[in-house]
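Reviewing the structure listed below.
In my numbering, the protein residues as written are 44 to 273.
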């Protein structure tokens, strides 16, 4: 299971921290241009920044600057050693359980126990169950971080680094998908400054069918949790 140290190591290896992202917000200077690879999303994002020179596309420029700032601030949470993966899971399960009754939570707990997933919740309130499930998933999460997958893909092509804007663009695309697919969860992450890090766990959520929880029955929720862990 990957933790903050692995995330920080990847960011350092790909010069994301070294760029001092607060300076990268201006986005069109030579320093940033040299860091962006000529391939992939990084190039596309940099080209979008040429819109900063035209009034017609000022909204595109402003949106990307906002995304850059929010990505930078989210990365700082990792550098501070915040457990952002746990925080994103906790917020997710808060959305799932906040309207569940004790009887519904007991049913979910029993379904999990039937597949040998034990949730150590001291009380079956939505808050207590949220923390217990988030902790269990975090501990058992078979998580291959998207940034590590990216590193492997590009390294196999002989490219040393993806480029900071390739990562930021992928982050922005992932956040946009979440905004469309699960607006309440996106809003909750946004409020905590974490929506630009959703790309780290998006593959796990896709595999587990976690977005479909909005339409799942109480019996379907344990299946999602089990797939997240395994």
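Just so it is clear, CB atoms sit at the ideal spot from N, CA and C, and this is done for glycine as well. If you're wondering where the values come from, they're calculated on a predicted model, not measured in any experiment.
Inclusion of residue 260 and residue 154 in the CB contact set at 8 angstroms is not warranted, their separation being larger than that value. Around the CB of residue 107, 16 or more other CB atoms lie within 10 Å, so the residue is classed as buried. Annotation: residue 109 to residue 232 spans about 16 angstroms, alpha carbon to alpha carbon.
Three or more beta-carbon pairs separated by less than 8 angstroms link the region 237-248 to the region 121-130, which places the two stretches in contact. With respect to the C-alpha of residue 161, the residue from 244, 252, 177, 138 having the closest C-alpha is 177. Apart from the 5 residues on each side of it in sequence, residue 145 sits with its Cβ closer than 6 angstroms to the Cβ of 167 in its chain, given in chain order. Here residue 223 carries a helix assignment [DSSP, helix/strand/coil].
When DSSP states are grouped into helix, strand and coil, residue 142 belongs to the coil group. In this model, residue 235 and residue 115 are separated by some 14 angstroms (Cα to Cα). When C-alpha distances from residue 208 are compared across 227, 111, 147, the shortest belongs to 111. Contact check for residue 163 against residue 175 passes: the beta carbons are separated by less than 8 angstroms. Here residue 118 carries a helix assignment [DSSP, helix/strand/coil]. Buried is the label assigned to residue 212, since at least 16 other Cβ atoms lie within 10 Å of its Cβ. Membership of residue 273 in any alpha helix (DSSP H) is not indicated, and neither H nor E is assigned to it by DSSP. Between residue 137 and the set 249, 245, 229, the nearest pair of CA atoms involves 229. Excluding five sequence positions before and after residue 266, none of the CB atoms of its chain fall closer than 7 angstroms to its own CB. When DSSP states are grouped into helix, strand and coil, residue 237 belongs to the coil group.
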